[in-house]
Amino acid sequence: MTTPPRSLDRLIRPHSIAVFGGKEARRVIEQCDKMGFAGEIWPVHPREDEILGRRCYRSVADLPDAPDASFVGVNRALTIEIIRDLAARGAGGAVCYASGFREAAGELADGNDMQEALVAAAGDMPIVGPNCYGFINMLDGALLWPDQHGMLRVERGVAILTQSSNIACNISMQTRGLPLAYVMTAGNQAQTGLSDIACAVLEDPRVTAVGLHIEGFDSIEALERLAIRARDLRKPVVTLKVGKSEAAQLATVSHTASLAGNDRVSSALLARLGIGRVDTLPELLETLKLLHLHGPLASADISSMSCSGGEASLMADAGVRRRVNFRPLLEEQRQPLKESLGEMVTIANPLDYHTFVWGNRDKQTAAFTAMMRGGYALNLIVLDFPRLDRCDAADWVTTCEAVIASAEATGAVAGIVASLGENMPEETALSLMAAGVVPFFGIDEALAAAETAAEIGASWARPAPPPLLKVRGEAGDAVTLTEAEAKAELLEAGVEAPRGKTAATAEEAADAAEALGFPVVLKGLGVAHKTEVGAVKLNLASRDEVYAAATAMAAVASGYLVEKMVAKPVAELIIGAMRDPVAGPVLTTGAGGILVELLDDSAILTLPTTEKAISEAIDSLKVRKLLGGYRGGPRGDVAALTRTVAAAASYVVANASKLDELDINPVMVLPEGQGAIAADALIRRRK
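Counting in UniProt numbering, the sequence shown runs from 1 upward without gaps.
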């Protein structure tokens with residue numbers, strides 16, 4: 001495990017702030033004054049006598065004390081000098097505003113050297129950046145932030161962290177009712193990454209949830225620490241992960257890498273850690289609103305009500321794209337709903353309650369209360385508000401009051417959803433948040449929030465995962481084992497394979513086939529993708545057929561493998577493993593055979609894994625329907641498949657330092673009770 005830097009507490013919750021530089025430093029003072037920072041602010045400037053009514057100091061040594069936090073807004077060379085002096089003085093930490101370090105290494109030949117010098121100058125003093133704006137702490141009015149923003153002081157709220165200063169500016173301008181406690185940037189993370197900053201803000205009792213905008217993972221160890229602490233404190237973390245890993249892609253000879261892909265590995269990694277993932281900035285903000293008010297959801301069961309069939313259809317269709325469940329109503333809900341809404345309303349979920357009770361607070365409250373007593377994890381009411389500058393919103397206010405009253409009466413989690421985000425006024429959103437009702441801007445965003453909160457809840461309900469497998473890959477040339485060698489190793493690990501014999505010539509292949517008994521499969525050794533070059537022949541029923549097939553593939557094969565033909569399977573799957581540059585060894589399973597890329601049906605398991613996680617991964621596959629006895633067909637031996645995946649996972653863990661790739665394709669899943677057989681296997685590893 002990497003050693004985290006010194007505590008960030010003084011830096012992010014300072015009682016004293018030193019500012020270095022000209023225009024940007026002046027803006028930092030202005031922002032702190034505007035937001036009512038109660039601590040000391042000490043400007044440092046070589047020529048100015050005072051800035052904004054405060055005495056200027058000439059150097060770090062001149063300061064009255066070691067500052068808790070410093071904003072260093074000078075050129076990159078001077079930044080390094082000031083950071084060295086601050087560290088020697090015992091300062092609490094600093095924001096490095098300057099650019100021209102590693103992020104500019106492509107343009108500046110000394111970019112990497114300058115960054116190394118900056119980190120060395122800091123020692124164990126935390127630094128944020130370089131090439132970043134710093135942070136906004138709206139709990140204490142402490143802003144190491146050289147620009148305007150759109151935030152107000154709050155007593156509690158969420159923290160949002162990003163590598164991008166501009167995205168941080170954009171987030172600060174949100175008008176969605178989300179209480180922002182911290183907005184923080186990390187720049188190029190020279191010393192302190194997003195995960196370590198997130199761990200620090202998580203410890204603030206006034207912070208309810210954390211959102212991360214991640215361009216690249218800074219440290220897997222730090223991310224694991226964050227996940228563990230978030231679970232311990234019951235403060236959820238949700239990410240917007242963008243981009244691909246900066247590490248070069250592994251040159252592969254199997255299907256496995258194309259199935260995994262760095263972005264899919266990122267999703268699997270975050271899911272393992274119980275960290276939510278969303279796809280857009282609006283989804284991030286809407287999810288954080290739900291998590292701020294109510295935390296993770298107990299399930300993905302949700303209800304929806306609207307006064308329009310069109311809105312009900314939009315909600316239902318959006319649900320198809322999400323892992324949420326519009327669970328049918330309980331029988332005991334139906335009569336109260338009919339009594340409050342009338343006989344002409346179809347009782348369903350999503351429910352269109354028409355306009356019969358529009359403007360009638362008592363009847364709306366009765367209907368919403370009946371729905372909220374159904375045990376749903378989240379109850380949504382679709383309600384787009386009129387323009388307040390042109391229209392009268394009295395009846396919409398009545399509906400809001402009914403929703404609030406129903407949520408209070410039942411203790412249920414409730415949200416009001418504007419199908420168009422702009423149709424939710426900010427003042428309405430703020431009043432709903434104050435009443436404990438989530439104001440959602442957009443149907444898709446509301447369902448993304450529900451899905452993510454439910455996934456975090458499900459993850460926290462399971463035992464915490466063991467630490468990720470962290471094995472440094474050994475150096476050396478990669479070699480590819482023959483299929484026979486690969487199967488022999490996997491057989492020792494518990495992966496079943498057909499009986500087979502190797503042969504050097506066509507004559508020996510024919511002899512081997514006779515010894516095994518027909519029908520047989522003939523494969524050319526030394527060929528990665530046998531099907532494409534005609535190096536595999538199935539169902540050979542005689543010596544002459546084997547001899548002819550071996551002669552035909554002699555030009556591409558270095559030898560032969562003759563195996564007993566496997567009985568017709570219920571389904572063909574793939575099990576693969578590769579070394580991801582970020583997450584280390586990962587395992588993939590999915591639809592196999594010739595359908596690997598065509599179906600794109602796979603699941604990723606980070607390692608080490610458990611049999612329960614393997615079962616859940618198999619159950620998530622589309623091909624699982626075949627294994628369950630699709631349209632009257634035989635049921636597949638899922639138990640044997642699970643054992644086979646577990647055996648492959650154990651093999652990968654045991655050989656992690658040497659293994660580059662594993663590709664078992666296809667795994668023939670036979671009818672229930674008959675097993676799962678590895679029909680082909682490839683292993684690529686370091687010498």
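We put the beta carbon where it would ideally sit given N, CA and C, even for glycine. Since this is a predicted model, take the numbers as computed values, not measurements.
- Relative to Val158, the option among Asn131, Tyr133, Asn188 and Leu202 whose CA is nearest is Leu202.
- Met433 carries a helical assignment under DSSP once its states are collapsed to helix, strand and coil.
- Distance from the Cα of Val536 is smallest, within the candidate group Gly216, Met151, Gly592 and Ala552, for Ala552.
- In this structure, DSSP gives Lys530 a state outside helix and strand, which the three-state scheme calls coil.
- Judged by DSSP secondary structure, Gly457 falls within the alpha helix (DSSP H) whose first and last residues are Ile443 to Ala461.
- In this structure, DSSP gives Asn539 an extended state, which the three-state scheme calls strand.
- Gln115 has its alpha-carbon roughly 25 Å from the corresponding atom of Arg225.
- Per the coordinates, the alpha-carbon of Ser542 lies some 10 Å from the alpha-carbon of Ala548.
- At a Cβ-Cβ threshold of 8 Å, Ile214 and Thr239 count as neighbours.
- Between Leu378 and Ile416 a beta carbon distance of about 12 Å is seen, past the 8 Å cut, so the two are scored as non-contacting.
- The DSSP-derived three-state label of Asp49 is coil.
- Note that the C-beta distance between Pro179 and Val154 is below 8 Å.
- By the CB criterion at 8 Å, Phe71 and Gly134 fall inside the cutoff.
- If the five residues before and after Asp68 are omitted, its C-beta is found closer than 6 Å to the C-beta atoms of Arg10, Pro14, His15, Ser16 and Gly92, all from its own chain and listed in chain order.
- Taking C-beta separations shorter than 6 Å and ignoring five residues to either side along the sequence, the partners of Ile381 in its chain run Met305, Val403 and Ile416, following chain order.
- Here the C-alpha atom of Pro671 lies approximately 51 Å from the C-alpha atom of Gln163.
- In the assembly as shown, Leu152 is an exposed residue. Its beta-carbon has fewer than 16 other beta-carbons within 10 Å.
- DSSP places Met344 outside both helix and strand once states are collapsed to three, so it counts as coil.
- Annotation for Arg10: the continuous alpha helix (DSSP H) segment containing it runs Asp9 to Ile12.
- In terms of Cα proximity to Ala300, the closest of Ala450, Arg334 and Asp444 is Ala450.
- With respect to Met371, Ser308 sits apart: the two C-beta atoms are not nearer than 8 Å.
- Counting only runs that start and end inside the stretch 325 to 401, the alpha helix (DSSP H) elements of at least 4 residues fall at 331 to 341 and 361 to 372.
- A Cβ-Cβ distance of about 6 Å is found for the pair Arg685 and Asp660, placing them in contact under the 8 Å criterion.
- Under the three-pair Cβ rule at 8 Å, the stretch 646 to 662 counts as touching the stretch 575 to 594.
- Taking a C-beta distance under 8 Å as the contact criterion, Leu607 and Leu469 qualify as a contact pair.
- Considering only Ala366, Glu103, Val242 and Pro350, the residue with the shortest C-alpha distance to Glu311 is Pro350.
- Between the beta-carbon of Gly436 and that of Ala407 there is about 6 Å, and that keeps the pair under the 8 Å contact cut.
- A direct Cα-to-Cα measurement between Arg102 and Val210 gives close to 27 Å.
- Of the candidates Asp33, Ala591, Glu611 and Lys612, Ala591 places its Cα closest to the Cα of Ser602.
- For Ser165, the enclosing alpha helix (DSSP H) stretches over residues Ser165 to Ser172.
- For the pair Phe440 and Ala418, the Cα-to-Cα distance works out to about 6 Å.
- Per DSSP, the unbroken alpha helix (DSSP H) holding Pro282 starts and ends at Leu281 to His294.
- A distance below 8 Å between beta-carbons, with the five flanking residues on each side excluded, links Ala190 to the following residues of its chain, in chain order: Cys96, Phe101, Arg102, Gln115, Leu118, Val119, Ile127, Gly129 and Pro130.
- Around Leu626, the same chain offers Val570, Ala571, Gly633 and Gly636 as residues with beta carbons nearer than 8 Å, after the five sequence neighbours per side are excluded.
- For the pair of segments examined, the stretch 486 to 497 was found not to touch the stretch 521 to 539: the number of CB pairs separated by less than 8 Å stays below three.
- In its chain, beyond the 5 residues on either side, Gly100 have a beta carbon closer than 7 Å to the beta carbon of Leu108.
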